[in-house]
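Working notes for the structure below.
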Ligand SMILES: [Fe+2]
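Numbering (our numbering), first residue to last: -10 to 424.
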């Protein structure tokens, strides 16, 4: 819910960001239609829209129907209970102002910290501006440049649906705008989805990784369905469904550390391209300048590095503790659906690292102030000392595996070096708790 602000408060906030309330007055329906008409007619684009399709799309917008799922191709996606619509005329001035303030603050940090390709992509979609983008127009622009479309959702959607959208080149977007002057929020809003993600579609390697995550989901679910066809009990069926969802969780970590929170080396400097970072001006600065997080260079074409992403647990509630820096965008092209599924399956068999740890074999750019040793989580758990949710989840999972017979000295062959052995006393303590 948007908090209520007086006109005077709105004026003061606008002024603080170099804006006026006149600037955040949204365009009328007629003005938006005029712009949409011109956009749909463009032929100097990668994906031009046939006249009959454009006319149908225009008439839908003209009718006042709220935007739901892009309809510029025969492809569509069923969003089920998560279906939502953008009702542009319902946005209040405070929401447009929140967008405008975010864009102003983003501009200050992006020019310094974002990679070149991101800045070029942003120009292409013209997502700047002082009012929330009209999704009819934005969807047309995105389609014409990349072949992707928007699908409007009500909240964070399950990984399975998220990746189903990706496999069909639909990007799920929410319709709510964060509170005025809120820098970071864990759930995606228009600021995250549009100001953060949309420009990344124009980076071919990123669009490729996004699509391939969708296709990785298709592989996992085809395998799941084949297994389900041979299952005879509810328990067996539940286990198979859980197995597929766990694989998507680990595949999602690769997406998280690249598309959402990825950094890249560019001309000898570390630069941002992750949408989660770039939609937060605060994290944009933090990700590159702060001594707190660790930064690790990875080559996504290397299996051990890819696996490193899949075995790293994280939280969504605060700034990242470790950032992975891609050696170059070109190397992201290697993330095929098959390699993503391979890494997810291998991650299922291995103990995991937390987002605070440096793993043996990491090519470290800097060790962050918040780093912890890989065994610290076990000792802290044993001593009932404070742990974040990620550390306690990871420690418990790893100890469960070791008690079940995992050999830490041997079974880490896919990683560059085996991790330090978990102290026997802690393993025995954990075993005794399970009895
Ligand atoms: Fe995102």
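All residues carry an ideal CB built from backbone N, CA and C; glycine is no exception.
Start and end residues, beta strand (DSSP E) containing residue i
i	result
residue 63	Neither: residue 63 is in no beta strand (DSSP E) and is coded neither H nor E.
residue 254	252 to 255
Terminal residues of the alpha helix (DSSP H) in which residue i lies
i	result
residue 270	270 to 278
residue 294	292 to 299
residue 333	326 to 338
residue 399	Here residue 399 belongs to no alpha helix (DSSP H), and DSSP marks it neither H nor E.
residue 199	193 to 218
residue 350	Per DSSP, residue 350 belongs to no alpha helix (DSSP H) and is neither H nor E.
residue 422	413 to 423
residue 232	223 to 244
residue 50	40 to 51
residue 367	365 to 371
residue -1	-4 to 5
residue 21	18 to 29
Proximity test, residue i beta-carbon vs ligand 1 heavy atom, cut-off 6 Å
i	result
residue 322	no
residue 184	no
residue 264	yes
residue 147	no
residue 307	no
residue 177	yes
residue 249	yes
Beta bridge counterpart(s) of residue i as assigned by DSSP
i	result
residue 159	138
residue 311	283
residue 355	284
residue 103	261
residue 56	75
residue 389	Partner(s): none; residue 389 has no beta bridge.
residue 319	According to DSSP, which records beta bridges pairwise, residue 319 is partnered with nothing at all.
residue 342	301
residue 361	346
Near ligand 3: residue i beta-carbon under 6 Å from a heavy atom
i	result
residue 24	With respect to ligand 3, the structure shown offers nothing to examine, as its ligands consist of ligand 1.
CB contact below 7 Å: residue i versus chain D
i	result
residue 12	Chain labels in this structure do not include chain D; a single protein chain is all it has.
Query - Meets three-Cβ-pair contact criterion under 8 Å: the stretch 277 to 286 and the stretch 351 to 364 - result: Yes, the stretch 277 to 286 touches the stretch 351 to 364.
Query - Validate contact between the stretch 332 to 339 and the stretch 260 to 269 using beta carbons, cut 8 Å, 3 pairs - result: Output reads no: the stretch 260 to 269 does not touch the stretch 332 to 339.
Requested in this report: Taking 8 Å as the threshold, find out whether the stretch 27 to 46 comes into contact with the stretch 103 to 119 through three or more Cβ pairs.
Outcome: Touching, no.
Query raised in the report: Should the stretch 144 to 156 be regarded as contacting the stretch 200 to 209, the criterion being three or more beta carbon pairs within less than 8 Å?
Result: Yes, since at least three Cβ pairs between the stretch 144 to 156 and the stretch 200 to 209 fall closer than 8 Å, the two stretches touch.
Query raised in the report: Using 8 Å as the Cβ pair cut-off and three pairs as the minimum, do the stretch 6 to 15 and the stretch 105 to 112 touch?
Result: Between the stretch 6 to 15 and the stretch 105 to 112, the count of Cβ pairs shorter than 8 Å is below three; the stretches do not touch.
Query - Three-pair Cβ contact test at 8 Å for the stretch 385 to 400 versus the stretch 283 to 299 - result: Counting Cβ pairs under 8 Å, fewer than three are found: no touch.
Report task. Count the CB pairs spanning the stretch 237 to 255 and the stretch 333 to 347 that are closer than 8 Å, and state whether there are at least three. Result -> Cβ pair count under 8 Å is three or more, so yes.
Query raised in the report: Pairing CB atoms from the stretch 160 to 169 with CB atoms from the stretch 291 to 298, are three or more of them under 8 Å?
Result: No, they do not touch.
Query - the stretch 312 to 331 touching the stretch 219 to 230, judged by at least three CB pairs closer than 8 Å - result: Touching, no, given that fewer than three Cβ pairs across the two stretches are closer than 8 Å.
Query raised in the report: Does the stretch 52 to 60 come within contact of the stretch 69 to 86, defined as at least 3 CB pairs closer than 8 Å?
Result: Yes: the two stretches touch, three or more of their Cβ pairs being nearer than 8 Å.
Query raised in the report: Okay, do the stretch 124 to 143 and the stretch 91 to 98 touch, 3+ Cβ pairs below 8 Å being the bar?
Result: Under the Cβ criterion (8 Å, minimum of three pairs), the stretch 124 to 143 does not count as touching the stretch 91 to 98.
Query raised in the report: Can at least three beta-carbon pairs, one atom from the stretch 367 to 374 and one from the stretch 299 to 317, be found at a separation below 8 Å?
Result: Output reads no: the stretch 299 to 317 does not touch the stretch 367 to 374.
Report task. Would you be able to state if there are at least three C-beta pairs under 8 Å between the stretch 205 to 215 and the stretch 339 to 357? Result -> They do not touch, by the three-pair rule.
Query raised in the report: Between the stretch 140 to 148 and the stretch 33 to 47, are three or more C-beta pairs nearer than 8 Å?
Result: No: the two stretches stay apart, fewer than three of their Cβ pairs being nearer than 8 Å.
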